Amino acid sequence: ERLGAMFPQLSLNEDRLREELVDYQVTDSKQLPQEDNIDRFWGLLGKDVRFSELPRLMKALLCIPHSNASSERVFSMVRKIVTENRTSLDNSTVCALLSCKLNHSGPAYKYTPSKNVLKNAKSATHLYNK
């Protein structure tokens, strides 16, 4: 019941899941897929007719981030963009600057804008100065 509530999109049959878990625990390791890659292991095990629910649950669990480091990195980048002197930046500007930071490696002075980017920047500047 608890797993069904936590993962409603999986439509798990919890009785079957319990049976499969017990079956998995007592199965000799030589009868299980010999795969070091964990997502491939569960994918291969899911092809076994004895196991349908357990591999689906395990693959869903593997999708859950094991830490919040990546989101913390993004928050850190946002703090570097929205400084004390730049508190009035529009959300779209912050998103655009963050997108540039995430999608372009290397220092800004090594970036060579395309002709289209230069044209759009000049056009925006012209409209702004009207």
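Under our numbering, the residue at position 114 of the sequence shown is numbered 130, and the numbers go up by one with no gaps.
Even for Gly, the Cβ is constructed at its ideal location relative to N, Cα and C.
Computed from a predicted structure; not experimentally measured.
> What distance in whole Å lies between the Cβ atoms of V133 and T114, which are believed to be in contact at a cut-off of 8 Å?
Replying inline: Reading off the sequence shown, one finds Leu at residue 114, where the question assumed Thr. Not a contact, Cβ separation roughly 17 Å.
>> Starting from T109, trace the alpha helix (DSSP H) in both directions and tell me its first and last residue.
In response: 107 to 119
>> Using the three-state DSSP reduction, which class does N53 fall into: helix, strand or coil?
In response: Reduced to three states, the DSSP call for N53 is coil.
> How long is the line joining the alpha carbons of F57 and D106, rounded to whole angstroms?
Replying inline: 46 Å
> Do you know how far the Cα of A21 is from the Cα of V98?
Replying inline: 39 Å
>> Using beta carbons (cut-off 8 Å, strictly below), is A85 in contact with chain E?
In response: Judged by its chain identifiers, the structure shown contains no chain E, having just a single protein chain.
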